[in-house]
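Under the working numbering, read the sequence shown as residues 32 to 191, first letter to last. The structure under discussion appears below in the form of structure tokens.
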Amino acid sequence: MTLDLIWHRTPGYPAMSPSLERPTTSVLLIDGNDTERRFYADQLRLCSHGYLIAEAADGLSGLIHYQSRWFDCVVLELELPDRSGFEVLIELVPLASKPNVAVIVLTKIAHRELLELAKDNGAHVCLVKKLTSVDDLDKAILRAVACVDLMAKEERHRLI
């Protein structure tokens with residue numbers, strides 16, 4: 032198990048009083064490729080001051096980190112060094128029709144059927160790394176988080 036968990040606060044983001052601080056989106060990047068994971072983490076930080084980013088280098092450490100605190104979004108590679116990304120996806124989203132966290136698959140795998148299977152198992156969207164810009168990832172994160180938040184509000188409203 033590799034506990035390569037790194038919290039990052041966007042550099043240059045001034046400390047403000049809690050009431051004036053911009054809302055943040057907490058993102059957990061789970062990817063065994065250190066270079067690619069760090070690239071996307073760094074680029075997302077440059078893209079928006081609103082990201083609070085954590086990184087995990089394998090599936091187990093990603094799951095442990097996810098269980099230790101709330102994340103708005105998990106960006107997940109399907110090829111991990113210790114287990115299948117599908118195993119991690121199923122742990123994150125046990126009921127695909129009612130996700131409680133936005134999961135975005137960002138993978139080097141370009142196999143259409145596998146990407147569709149990931150969506151069927153709770154991924155909000157599946158992106159192929161070589162075809163995805165950081166701007167595309169940023170937009171996907173914002174849409175996925177908004178969608179999961181809306182589903183949660185609707186569920187709470189139904190229970191009232």
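C-beta: ideal position from N, C-alpha, C; glycine also. These figures come from a predicted structure and were not determined experimentally.
- Under the DSSP definition of a beta bridge, Ser164 lacks any partner.
- When DSSP states are grouped into helix, strand and coil, Ala88 belongs to the coil group.
- Glu110 and Ser128 have their C-alpha atoms spaced approximately 24 Å apart.
- Judged by DSSP in its simplified three-state form, Ser128 adopts coil rather than helix or strand.
- Within a 10 Å sphere around the beta-carbon of Thr138 sit 16 or more other beta-carbons, which makes this residue buried.
- The three-state reading of DSSP puts Ile61 in strand, counting E and B together.
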